[in-house]
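Colleague: Anchor point for the sequence shown: position 269 equals 352 in our numbering, and the numbering is continuous, going up by one each time.
Just dropping this structure here.
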Amino acid sequence: MLFRNYLILIVFLVAGYAKANEQVTLLTGIISSSNYHLITAPKTNRWQVQIQWMADEGSIVKEGDLVVVFDSGGIESQLEVNEEKLETDALELLKLEMDKGQAVLEADGALKLANIMVEKNRIEASVPDGEVSAYEKGKSVIEYEKALTTKIKAQENYKLKLEEQQVELNKKNIEILKLQEQITYQRSQLEKLSVKAKVTGPVTHAMHRWMPQKVAIGMNIQSSWEVLTVQAASTYQVSAWLHEIDAARIDLEKSSFVLTLDAYPEQSYTGKVISVSSQAEQKSQWSDSAYYRVELGFVEPLKQAIFPGMSVRVQLKHDDLALQPHANKVLPI
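So, in structure tokens, the structure goes:
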């Protein structure tokens, strides 16, 4: 009996010691998604682009839904003009092919006729002197020489018509090719100006880089600026930041996490580590220190409706023998 009581006392002492050495570091996190579609302002022929329309913040969009429309800045009208010109150029090319082809055929026919006349006059001019008069003989020789001259001119004309055909058709084809490339580029620009969601989830508008407000319809923004994010609801997680000193003394794999949404303080969930950034990042708006990004997942199914951007209190429970004064510091996101 005495031995049993002694064992119970030892168990309580060990449990109490473990409890005393378990420390809690509080972090502040936000709801995010591992699968998301970040939309940025596209590059155009201007240094700024205007937002003509965008999906309301907080609205749920489906994959393939239109979420942002940027001002085309005249690209659409230019595209229409180029498409009409392409049709005209195609007809002009067809007519040019027919005209130049006909000119080559005529030159080829003239050359063939010249060859026939040369052969005919050669035969007549080669008749022995005794069989025809000197007058007829001289006349045949002159006609033969004329036929040779005509043949040379016909050869030169045929060569010229072939070169003209090749040069004119190549020139027109190059013009059409450049126009087609321009049309392809303008169409791709129009596609970039009307952006569709790649995932299903809620819409979050981005903050303006220069003003303390979110981007909105009618604003002019520069290319590559963030406009909005669609985060897949099926992959919600918690993004938190761990101070570099805490990261050095805490073994996250042996720690436990309790996640409590500020919107639902009465409900807590068990968290698990999904990933930890390998490099610390400076957060000048918080302090001069560096922080590691920690992604946490929910172990239990969520019982409430949550949305990206919701704040989450993270209780990081861990064993810590070397207590630090900043251990219970709340790290803002």
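Note that the Cβ used here is the ideal one computed from N, Cα and C, for glycine as well.
Is Lys-400 near Ser-339, with beta carbons less than 8 Å apart?
Modeller: Position 317 of the sequence shown, counting from 1, holds the residue named residue 400. Position 256 of the sequence shown, counting from 1, holds the residue named residue 339. The answer is yes: Cβ separation under 8 Å.
Colleague: Once you ignore the five residues that flank Gln-320 on each side, which residues in its own chain have a CB closer than 8 Å to its CB?
Modeller: For the purposes of this step, residue 320 is taken as the residue at position 237 of the sequence shown. Within the same chain, Gln-320 has close Cβ partners Ile-114, Ser-115, Ser-116, Ser-117, Ile-357, Glu-378, Leu-379, Gly-380, Phe-381.
Colleague: For Leu-149, which residues in the same chain have their Cβ closer than 6 Å to its Cβ, ignoring the five residues on either side in sequence?
Modeller: Walking along the sequence shown from the start, residue 149 turns up at place 66. Correct list, in chain order: Lys-279.
Colleague: Between the Cα of His-120 and the Cα atoms of Tyr-347, Val-282, Ser-142, Val-215, which residue gives the shortest distance?
Modeller: Position 37 of the sequence shown, counting from 1, holds the residue named residue 120. Ranking Tyr-347, Val-282, Ser-142, Val-215 by Cα distance to His-120 puts Val-282 first.
Colleague: Would you check if the segment 290-309 and the segment 132-151 touch, i.e. whether three or more CB-CB distances between them fall below 8 Å?
Modeller: The answer is yes - the segment 290-309 touches the segment 132-151, with three or more Cβ pairs under 8 Å.
Colleague: The alpha helix (DSSP H) spanning Glu-226 covers which residue range?
Modeller: Translated into the one-based positions of the sequence shown, residue 226 becomes position 143. It spans 217-276 - the alpha helix (DSSP H) in which Glu-226 sits, taken as one unbroken run.
Colleague: Would you decide whether Thr-267 is buried or exposed? Buried here means 16 or more other CB atoms lie within 10 Å of its CB.
Modeller: By 1-based counting over the sequence shown, the position of residue 267 is 184. By the neighbour-count rule (16 or more Cβ atoms within 10 Å), Thr-267 is not buried but exposed.
Colleague: In the DSSP output, which residue or residues are listed as bridge partners for Ser-116?
Modeller: As a first step, residue 116 is located in the sequence shown; it is residue number 33 there, counting from the start. Partner(s): Tyr-319.
Colleague: Among Lys-236, Gln-365, Ala-373, Leu-169, whose alpha-carbon lies nearest the alpha-carbon of Leu-452?
Modeller: A query on residue 452 cannot be resolved here, the shown segment of the chain reaching from 84 to 416 and no further.
Colleague: Spatial neighbours of Ala-363 within its chain, please: CB distance less than 7 Å, with the 5 preceding and 5 following residues excluded, ordered by chain position.
Modeller: Locating residue 363 in the sequence shown gives position 280, where the first residue counts as 1. Contacts found: Glu-327, Ala-373, Tyr-374, Tyr-375.
Colleague: To the nearest angstrom, how far is the alpha carbon of Ser-160 from that of Leu-174?
Modeller: Looking up residue 160 in the sequence shown gives position 77. Looking up residue 174 in the sequence shown gives position 91. About 22 Å.
Colleague: For Phe-450, which residues does DSSP report across the bridge?
Modeller: No answer is possible for residue 450: the residues shown for the chain start at 84 and end at 416.
Colleague: Under three-state DSSP, which class holds Met-181?
Modeller: Counted from its first residue, the sequence shown places residue 181 at position 98. It is helical.
Colleague: For His-288 and Gln-314, what's the separation of their Cα atoms in angstroms?
Modeller: What you label residue 288 is simply residue 205 of the sequence shown in a count that begins at 1. What you label residue 314 is simply residue 231 of the sequence shown in a count that begins at 1. Taking the straight line joining both Cα atoms gives about 11 Å.
Colleague: Here's a check: name, in chain order, each residue in its chain whose Cβ is nearer than 8 Å to the Cβ of Gly-99, leaving out the five neighbours to either side.
Modeller: Residue numbering aside, residue 99 sits at position 16 when the sequence shown is read from its first letter. With a pLDDT of only 44 at Gly-99, under 50, the local geometry of the prediction cannot be trusted, and the value read off the model is given with reservation. Result list for Gly-99: empty, nothing under 8 Å.
Colleague: Going along the chain, which residues of its own chain have a beta-carbon closer than 8 Å to the beta-carbon of Lys-297, five neighbours each way excluded?
Modeller: Taking the first residue of the sequence shown as position 1, residue 297 is located at position 214. Counting only Cβ-Cβ distances below 8 Å, and skipping sequence neighbours, we find Glu-140, His-288, Ala-289, Met-290, His-291.
Colleague: To the nearest angstrom, report how far apart Gly-157 and Gln-365 are at their CA atoms.
Modeller: Within the sequence shown, residue 157 is the residue found at index 74, counting from 1. Within the sequence shown, residue 365 is the residue found at index 282, counting from 1. Using only the alpha carbons, I get a separation of about 42 Å.
Colleague: Are the segment 216-226 and the segment 178-194 touching, with three or more C-beta to C-beta distances below 8 Å?
Modeller: These segments do not touch.
Colleague: When you compare only the Cα positions, how much space is there between Leu-335 and Gly-354?
Modeller: Your numbering for residue 335 matches position 252 in the sequence shown. Your numbering for residue 354 matches position 271 in the sequence shown. Straight-line Cα distance between these residues: approximately 12 Å.
Colleague: Would you tell me roughly how many angstroms separate the C-alpha atoms of Val-395 and Ser-307, rounded to the nearest one?
Modeller: Taking the first residue of the sequence shown as position 1, residue 395 is located at position 312. Taking the first residue of the sequence shown as position 1, residue 307 is located at position 224. Approximately 30 Å between the Cα atoms of the pair.
Colleague: Do you know offhand how far Ala-124's Cα is from Ala-138's?
Modeller: For this step, residue 124 is matched to residue 41 along the sequence shown. For this step, residue 138 is matched to residue 55 along the sequence shown. Each residue's Cα considered, the two are about 15 Å apart.
Colleague: DSSP three-state call for Arg-129: helix, strand or coil?
Modeller: On the sequence shown, position 46 is the one that residue 129 refers to. Coil at Arg-129, not helix or strand.
Colleague: Compute the distance between the beta-carbons of Leu-262 and Ser-155, then report whether it is under 8 Å.
Modeller: Numbered from its first residue, the sequence shown carries residue 262 at position 179. Numbered from its first residue, the sequence shown carries residue 155 at position 72. The answer is no: Cβ separation not under 8 Å.
Colleague: Using the beta-carbon count (16 or more within 10 Å), is Leu-85 buried or exposed?
Modeller: Translated into the one-based positions of the sequence shown, residue 85 becomes position 2. Confidence in Leu-85 is poor, its pLDDT being 46 and thus under 50, which makes the residue's placement unreliable; the coordinate value appears in the next sentence. The residue in question, Leu-85, is exposed, as its Cβ has fewer than 16 Cβ neighbours within 10 Å.
Colleague: At the level of alpha carbons, what is the spacing between Asp-402 and Asp-329?
Modeller: Within the sequence shown, the letter at position 319 stands for residue 402. Within the sequence shown, the letter at position 246 stands for residue 329. Approximately 12 Å between the Cα atoms of the pair.
Colleague: Start and end of the alpha helix (DSSP H) containing Ile-333?
Modeller: Within the sequence shown, residue 333 is the residue found at index 250, counting from 1. Looking at the DSSP string, Ile-333 is not in any alpha helix (DSSP H), and its letter there is neither H nor E.
Colleague: Using CA atoms only, rank isn't needed, just tell me which of Glu-189, Leu-342, Leu-162, Asn-165 is closest to Thr-428.
Modeller: Residue 428 is absent from the model: the chain starts at 84 and stops at 416.
Colleague: Identify which residue in Gln-249, Ala-323, Val-310, Arg-205 has its Cα closest to the Cα of Val-151.
Modeller: Taking the first residue of the sequence shown as 1, we reach residue 151 at position 68. Of the candidates Gln-249, Ala-323, Val-310, Arg-205, the one whose C-alpha sits nearest the C-alpha of Val-151 is Val-310.
Colleague: For Ile-199, which residues from the same chain have a beta carbon less than 8 Å from its beta carbon, with the 5 sequence-adjacent residues on both sides left out?
Modeller: Taking the first residue of the sequence shown as position 1, residue 199 is located at position 116. Within the same chain, Ile-199 has no close Cβ partners at all.
Colleague: Go to Gln-398, then tell me how far its beta strand (DSSP E) extends in each direction, as first and last residue.
Modeller: In the sequence shown, residue 398 corresponds to position 315, counting from 1. Run containing Gln-398: 394-402, per the beta strand (DSSP E) assignment.
Colleague: Does the separation of the CB atoms of Ala-186 and Lys-254 fall below 8 Å?
Modeller: Numbered from its first residue, the sequence shown carries residue 186 at position 103. Numbered from its first residue, the sequence shown carries residue 254 at position 171. Not in contact: Ala-186 and Lys-254 (Cβ atoms no closer than 8 Å).
Colleague: Between Asn-240, Glu-239, Arg-205, Asp-212, which has its C-alpha nearest Glu-226's C-alpha?
Modeller: Counted from its first residue, the sequence shown places residue 226 at position 143. Answer by Cα proximity: Arg-205.
Colleague: Ordered along the chain, which non-local residues of its own chain (more than five positions away) have a Cβ less than 8 Å from that of Tyr-273?
Modeller: The residue labelled residue 273 in the question sits at position 190 within the sequence shown. Before going on, a small fix: residue 273 reads as Leu here, not Tyr. Excluding residues within five positions, the ones whose Cβ falls inside 8 Å are Ser-155, Ile-158, Glu-159, Leu-162.
Colleague: What number of angstroms, rounded off, separates the C-alpha of Tyr-352 from the C-alpha of Ala-299?
Modeller: Stepping through the sequence shown from its first residue, residue 352 is reached at position 269. Stepping through the sequence shown from its first residue, residue 299 is reached at position 216. Going from the Cα of Tyr-352 to the Cα of Ala-299 covers about 35 Å.
Colleague: Run through the DSSP bridge pairs and tell me what Leu-188 is partnered with.
Modeller: Counting from one through the sequence shown, the residue named residue 188 turns up at place 105. None, per the DSSP bridge assignment.
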